[in-house]
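J.: Residue numbers (our numbering), protein chains in the order written: chain A, 1 to 111; chain B, 1001 to 1119. In this text, a Cβ means the ideal position worked out from N, Cα and C, and glycines have one as well. Structure incoming, see below.
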Amino acid sequence: AQSVTQPDIHITVSEGASLELRCNYSYGATPYLFWYVQSPGQGLQLLLKYFSGDTLVQGIKGFEAEFKRSQSSFNLRKPSVHWSDAAEYFCAVGAENDMRFGAGTRLTVKP
Amino acid sequence: DGGITQSPKYLFRKEGQNVTLSCEQNLNHDAMYWYRQDPGQGLRLIYYSQIVNDFQKGDIAEGYSVSREKKESFPLTVTSAQKNPTAFYLCASSISPPTGGTLSTDTQYFGPGTRLTVL
């Protein structure tokens, strides 16, 4: 079965700074890859997903993610963070009729 | 407005009591899911259902039960057999088109969650 790791439990960035959240997966082939965001006390919302094709995927709210097969990674990026981006971010990996979520990375945005 | 509703938002239960969490969707999605979320552990799948009157156990089904009598509704019962039920519970749904779409590939749409506390 596949597995997913988000190495950073908590990240703090200043408003306006760039952001990169890391996601690594373990699976023998290319899985389906997702990034979700969760605001405090709320459900998850899809930011973007990758199945195949162009390895740079654009999502909502100005986020993008890049699939790197050689590194088994699917890192999420944003060029300039806004205070409203403070939330928890989850990477998810789908394969073989199974979906695995990472433990999440909590993002704090400093003014 | 289409979406998923979960009720109640907060739920308190005494040890030894069963409690049922509600999940309703009006997205006309075939598949529905229940997850448990604990701090630092991400989401863990409890049960899922891809069609009415059918459901499958997830990774942590012990102590939980579900039913899927209607397409729109997928209630979760936390029974007294669940040893550590205090958690945040999330319901989700996905479209699961007839030609494909599985647990691996579908985008899931989440409700706002129910926080269950056992007193």
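Among A95/A, A87/A, Q42/A, E88/A, whose alpha-carbon lies nearest the alpha-carbon of R1115/B?
T.: For the residues A95/A, A87/A, Q42/A, E88/A, the minimum Cα distance to R1115/B belongs to Q42/A.
J.: Can you grab the Cα-Cα spacing for the pair K1041/B / Q1006/B, in whole Å?
T.: The question names Lys, but residue 1041/B is Gln in the sequence shown. Roughly 22 Å separates the two Cα atoms.
J.: Nearest-angstrom Cα distance between V57/A and K1014/B?
T.: So the two alpha carbons sit approximately 47 Å from each other.
J.: Return the first residue and the last residue of the beta strand (DSSP E) that T105/A is part of.
T.: Where T105/A is concerned, the enclosing beta strand (DSSP E) stretches over 105 to 110.
J.: Let's see if you can read the secondary structure: which residues bound the beta strand (DSSP E) around Y32/A?
T.: Per DSSP, Y32/A belongs to the beta strand (DSSP E) from 32 to 38.
J.: Which class does Q45/A belong to by DSSP, given the choice of helix, strand or coil?
T.: DSSP places Q45/A in strand when its eight states are reduced to three.
J.: Considering only residues of the same chain and omitting the five flanking positions on each side of N24/A, which have a CB-CB separation below 6 Å?
T.: The residues are T5, S72, S73.
J.: Using 8 Å as the Cβ pair cut-off and three pairs as the minimum, do the stretch 1052 to 1064 of chain B and the stretch 24 to 35 of chain A touch?
T.: They do not touch, by the three-pair rule.
J.: What does D98/A touch in chain B if you count any residue whose Cβ is under 7 Å from its own?
T.: Under the 7 Å cutoff, chain B gives L1103, S1104.
J.: What residue from K1071/B, N1084/B, P1008/B, A1081/B has the CA that sits closest to Y1033/B's CA?
T.: Taking only the C-alpha atoms, the option nearest Y1033/B is K1071/B.
J.: With three or more beta-carbon pairs closer than 8 Å as the criterion, would you say the stretch 1066 to 1086 of chain B touches the stretch 1041 to 1050 of chain B?
T.: Segments in contact, yes.
J.: Comparing C-alpha positions only, which one of A92/A, G62/A, L76/A, S52/A sits nearest to L1103/B?
T.: Cα-wise, what sits closest to L1103/B is A92/A.
J.: Pick out whichever of A95/A, A87/A, M99/A, D98/A has its Cα sitting closest to the Cα of L21/A.
T.: Of A95/A, A87/A, M99/A, D98/A, the residue nearest in Cα terms is A87/A.
J.: Are the C-beta of Q1041/B and some C-beta of chain A separated by less than 8 Å?
T.: Answer yes: the Cβ-Cβ gap between Q1041/B and chain A drops below 8 Å somewhere.
J.: Just to make sure I have the definition right: I need the residues of chain A whose C-beta is within less than 8 Å of the C-beta of P1008/B. Which are they?
T.: Under the 8 Å cutoff, chain A gives no residues; its nearest Cβ is about 13 Å from P1008/B.
J.: Taking the CB atoms as reference points, tell me whether F90/A and Y36/A lie closer together than 8 Å.
T.: Yes; because the gap between Cβ atoms is below 8 Å, this pair is in contact.
J.: With 16 other CB atoms within 10 Å as the buried threshold, where does I1085/B fall?
T.: A small fix is needed here, since residue 1085/B is Pro in this sequence, not Ile. Looking at its Cβ environment, which holds 16 or more other Cβ atoms inside 10 Å, P1085/B is buried.
J.: Whose C-beta lies closer than 7 Å to the C-beta of V1118/B among residues of the same chain, with five residues either side of it excluded?
T.: Excluding residues within five positions, the ones whose Cβ falls inside 7 Å are R1013, E1015, P1085, T1086.
J.: Are the CB atoms of Q38/A and L44/A nearer to each other than 8 Å?
T.: Contact: yes.
J.: According to DSSP, is K1070/B part of a helix, a strand, or is it coil?
T.: In the structure shown, K1070/B sits in a strand (DSSP, three-state: E or B).
J.: Is P1112/B close to chain A? Criterion is C-beta to C-beta, closer than 8 Å.
T.: P1112/B counts as touching chain A.
J.: By the 10 Å Cβ neighbour count, where 16 or more other Cβ atoms means buried, how is K78/A classified, buried or exposed?
T.: It is buried - the Cβ of K78/A has at least 16 other Cβ atoms within 10 Å.
J.: Please give me, in chain order, every unbroken run of the beta strand (DSSP E) with length at least 3 that falls completely inside the stretch 62 to 104 of chain A.
T.: Runs found: 64 to 68, 73 to 78, 87 to 95, 98 to 101.
J.: Using CA coordinates, which residue listed in L1011/B, G1002/B, H1029/B is at the minimum distance from T1107/B?
T.: Among L1011/B, G1002/B, H1029/B, the Cα nearest to that of T1107/B is on H1029/B.
J.: Could you tell me the alpha carbon to alpha carbon distance between F1074/B and V1019/B, rounded to whole angstroms?
T.: Answer to the nearest angstrom: the Cα atoms are 14 Å apart.
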